[in-house]
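Residue numbers (my numbering): 1389 to 1820.
A short worksheet on the structure shown next.
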Amino acid sequence: MPDYREMWKSLKMDIEKHDQLCEILPRFYEDIYLSQENRPEAMNYYNFVVSEVHGLRIQELEEHRSKGGKVIGSFCVFVPDEIIDSGGAIGVGLCGGSEFWEPDGERVLPRNTCPLVKASIGAKISSTCPYFQSCDLIVGETTCDGKKKSWEILRDYIPVHVMDLPQMKREKDNISWQDEIKIFMERLETMTGNRVTTEKLSESIKLMNRKRKTLMRLYNTRKSHRLPISGKDALLISQIAFYDNTERFIEKTNELCDELEKRIEDSISVFEDDTPRILVSGTPMAIPNWKLHHIIETSGGAVVCEETCTGTRYFENLVDEGGKTLDEQIKALADRYLNINCACFTPNMGRTEDIVRLYREYNAHGVVYFTLPFCQTYATEFKKVKDVLDREGIPVIMIETGYSLQDTGQIKTRLEAFFEMLDTDKGRAASK
Ligand code: SF4
Ligand code: SF4
């Protein structure tokens, strides 16, 4: 990687502390990713993106800013990318996926806060995340309590705009979410000096839909009986989708899909035929949280799909492209986004229906329900999900784990026992 120290200094980063992070990540990536056998050739692009994660992409963001452009950071798949893009800004999903940032988060947050929130706040207050340092505005949302209260703390460090997400899905909630989208759009317009027009928004809606279709194409390859790509690699691609240049991401991911579809034709798989196929469902896995996928795929399982916000919740359902006025387009955005079944909603049976549907579509043998510690919404929702899965005869295990690797052995033992009892002959005929 070229020397980006001057750029990092100009972003007021804590260089010494950042060096510590830069030392850990490459080794971690090598152990988890580069050690895999028979990876698709096209994964080289994503290897490159990871190797330049704090370099080239940041340089691109800084070039945009040097011409007066703005960078907007967000933490949730409810923040509409289409509005950011049509306002001429660049959106980046901010990651809070590393244990490295938790102690800094704990300086200002209670210890019993979910690791994702602690790490996100810690990344900012430690000045070690160049994405955070490049952001002109952070967009938060009122999803869970941990996040909601953290925005008040984050405001001391960076401008924050909070979108008030309704927690039910009635008509009045849809109207209220349309209002929130408009308020955000107006703030963005004031900040960037650019007007969001029907034409620009229409282009952005089409662009983001293309990105969703590309991710859908990638996920479709994972429905195959012979898996052309590991779950770990698919997760990495989803994580990169949150911050890479959108056009380039679409192009490179379509190239990868060409290769994966060819692999399926040629019966090339990265796993043995009788490997238990696992649907992971639950809280998002922000980069570089690869822990659970790595444990599953080194304990005899293969992850075939993620019902998470770093999985299907990010790209399923397109925005209707037919809106002729800004109001119609904003309504179309509200309709699409309120289709996301986050556990912050009540009731939220749509998510359980999604889990059952995805289990069948991806020919899974079992479900691993994942929650981060202190995530009340996802942990509480497990009861409702399990009741339905039990009724449907779908095996499920709940794993609650944070970013620390200390419990790896214990999780491995539980998963190995779970995989043992799965009927891996089930559905084979249907999936061939
Ligand atoms: S789990 Fe809910 S709060 Fe978290 S990113 Fe997804 S939609 Fe947002
Ligand atoms: S994992 Fe749960 S507690 Fe953590 S930010 Fe997401 S919804 Fe909130």
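The beta carbon of each residue, even a glycine, is placed where N, CA and C say it ideally should be.
These figures come from a predicted structure and were not determined experimentally.
#1: Look at the alpha carbon of residue 1651 and the alpha carbon of residue 1621, and state the distance between them as a whole number of angstroms.
#2: So, is residue 1445 buried or exposed, given that buried needs 16 or more other C-beta atoms within 10 angstroms?
#3: Around the Cβ of residue 1518, are there at least 16 other Cβ atoms within 10 angstroms (buried) or fewer (exposed)?
#4: Just list the residues that DSSP pairs residue 1786 with in beta bridges.
#5: Since I believe residue 1699 is in contact with residue 1503 (beta carbons under 8 Å), could you give me their beta-carbon distance rounded to a whole number of angstroms?
#6: In whole angstroms, give me the CA-to-CA distance for residue 1742 and residue 1404.
#7: DSSP on residue 1728, reduced to helix/strand/coil?
#8: Do residue 1588 and ligand 2 come close, with the Cβ less than 7 Å from some heavy atom?
#9: Between the region 1600-1618 and the region 1487-1504, do at least 3 Cβ pairs fall closer than 8 Å?
#10: For the alpha helix (DSSP H) that contains residue 1515, what are its first and last residues?
#11: Can you name, in chain order, every residue of its own chain whose Cβ lies under 8 Å from the Cβ of residue 1818, other than the five neighbours on each side?
#12: I need the DSSP call for residue 1674, collapsed to helix, strand or coil.
#13: Going by DSSP, which residues form a beta bridge with residue 1589?
#14: If we count the other Cβ atoms within 10 Å of its Cβ and call it buried at 16 or more, is residue 1412 buried or exposed?
#15: Please report how far the alpha carbon of residue 1525 lies from the alpha carbon of residue 1457, in whole angstroms.
#16: Based on Cα-Cα distance, which residue from 1797, 1424, 1476 and 1813 lies nearest to residue 1588?
#17: Is it true that the region 1460-1474 meets the region 1772-1787, where meeting means three or more beta-carbon pairs spaced less than 8 Å apart?
#18: Provide the residue span of the alpha helix (DSSP H) that contains residue 1639, from first to last.
#19: Between residue 1570 and the rest of its own chain, which residues show a CB-CB distance below 7 Å, the 5 nearest in sequence each way excluded?
#20: Give me the Cα-Cα distance between residue 1487 and residue 1507, rounded to the nearest whole angstrom.
#21: Does the distance from the CB of residue 1757 to the CB of residue 1737 come in under 8 Å?
#22: Who are residue 1693's beta bridge partners in DSSP?
#23: Using only alpha-carbon positions, find the residue among 1713, 1629 and 1638 that is nearest to residue 1673.
#24: What is the residue span of the beta strand (DSSP E) that residue 1551 lies within?
#25: In the DSSP assignment, what are the bridge partners of residue 1461?
#26: Run the CB neighbour count on residue 1600, radius 10 Å, all protein chains shown included, and call it buried at 16 or more, exposed below.
#27: Just checking my contact of residue 1619 with residue 1563 at CB under 8 Å: how many whole Å lie between their CB atoms?
#28: Can you grab the Cα-Cα spacing for the pair residue 1812 / residue 1439, in whole Å?
#29: Whole angstroms are fine: how far does the CA of residue 1677 sit from the CA of residue 1747?
#30: Report the residue from 1712, 1679 and 1691 whose alpha carbon sits nearest the alpha carbon of residue 1663.
#31: Quick check: what's the CA-CA separation for residue 1579 versus residue 1530?
#32: Verify the contact flag: residue 1534, CB atom, against every heavy atom of ligand 2, threshold strictly below 7 Å.
#33: On the premise that residue 1634 lies in contact with residue 1576, defined as a C-beta separation below 8 Å, what is that separation, rounded to the nearest angstrom?
In short:
#1: 15 Å
#2: buried
#3: buried
#4: 1757
#5: About 18 Å separates the two Cβ atoms, so there is no contact after all.
#6: 45 Å
#7: coil
#8: no
#9: no
#10: Per DSSP, residue 1515 belongs to no alpha helix (DSSP H) and is neither H nor E.
#11: Only weak support is given to the placement of residue 1818: the predicted model assigns it a pLDDT of 38, under 50, and the question is left unresolved by the model.
#12: coil
#13: None, per the DSSP bridge assignment.
#14: exposed
#15: 12 Å
#16: 1476
#17: no
#18: 1634-1653
#19: 1718
#20: 7 Å
#21: no
#22: 1667
#23: 1629
#24: 1548-1551
#25: 1480 and 1526
#26: buried
#27: The pair is not a contact, with the Cβ atoms about 39 Å apart (cut-off 8 Å).
#28: 37 Å
#29: 23 Å
#30: 1691
#31: 22 Å
#32: yes
#33: Actually they do not touch by this definition, with Cβ atoms about 17 Å apart.
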